[in-house]
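Notes follow once the structure below has been shown.
In UniProt numbering, the protein residues as written are 1 to 173.
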């Protein structure tokens, strides 16, 4: 089993960061794959299935994920239910610190084929995943701290009661 972790401090509210991390359009920008079945647009929630297709290492890829845990705005988890990995699970944890957000991503995966899978994992897949995760966190930080977040959360902001600052607001009674 391989574990890859990374984190980023984002100068933006926790709910904005959480919603951006669950947005399939934003995920697609860094994943080199696109959603083709199940949930294919917008923000994922608990129980959603997403089928991703793309090309990685010159090979066609199919990766089907299930959102197995969803605790807005602190945590969500996606777990592979079909794909090239023997096991794949991705935890996304959000901590609010003085009105800002610490995002901690942790991936656990293993590959089939025993010793060969472990060698491929160590020398090819782990470096690729580390690079991809860093890119994802960098893009998420850039979008959340600037004005681009509005491009992704406009509809959600209206339906979920998120104010102009990106903070979830209570409805007025």
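Don't be surprised by glycine CBs; every beta carbon is placed ideally from N, CA and C.
message = Is it buried or exposed, residue 154, if we count other Cβ atoms within 10 angstroms and call 16 or more buried?
response = exposed
For residue 26, the three-state DSSP class (helix, strand or coil) = helix
inquiry  = Which residue wins for smallest C-alpha separation from residue 26, given the options 43, 78 and 106?
reply    = 43
key: Whole-angstrom C-beta distance between residue 145 and residue 226, which should lie under 8 Å   = In this structure the chain extends from 1 to 173, so residue 226 is not present and cannot be described.
task = Identify, in the order they occur along the chain, each residue of the same chain with its Cβ nearer than 7 Å to the Cβ of residue 84, setting aside the five sequence neighbours on each side.
result = 61
ask   = Which runs of the alpha helix (DSSP H) spanning at least 4 residues fall entirely within the stretch 3-69, listed in chain order?
value = 14-21 and 24-31
key: Residues that residue 76 bridges to, as DSSP identifies them   = 70 and 92
ask   = Out of 69, 91, 72 and 31, which has the shortest C-alpha to C-alpha gap to residue 52?
value = 31
request  = Determine, using beta carbons only, whether residue 121 comes closer than 7 Å to chain D.
outcome  = Given the protein chain composition of this structure (a single chain), no chain D is represented.
ask   = Would residue 58 pass as a contact of residue 33 if the rule is Cβ separation under 7 Å?
value = The answer is no: Cβ separation not under 7 Å.
Residue burial classification, residue 121 (beta-carbon count within 10 angstroms, cutoff 16) = buried
ask   = Can at least three beta-carbon pairs, one atom from the stretch 90-101 and one from the stretch 5-19, be found at a separation below 8 Å?
value = yes
inquiry  = Less than 8 Å between C-beta atoms, sequence neighbours within five positions excluded: which residues of the same chain meet that for residue 113?
reply    = Excluding its 5 nearest sequence neighbours in each direction, residue 113 has C-beta neighbours in its own chain below 8 Å: 120, listed in chain order.
query = Leaving out five residues before and five after residue 14 in sequence, what residues of the same chain have Cβ atoms less than 6 Å from its Cβ?
reply = 73, 94, 96 and 101
query = So what's residue 82 in DSSP terms, helix, strand or just coil?
reply = strand
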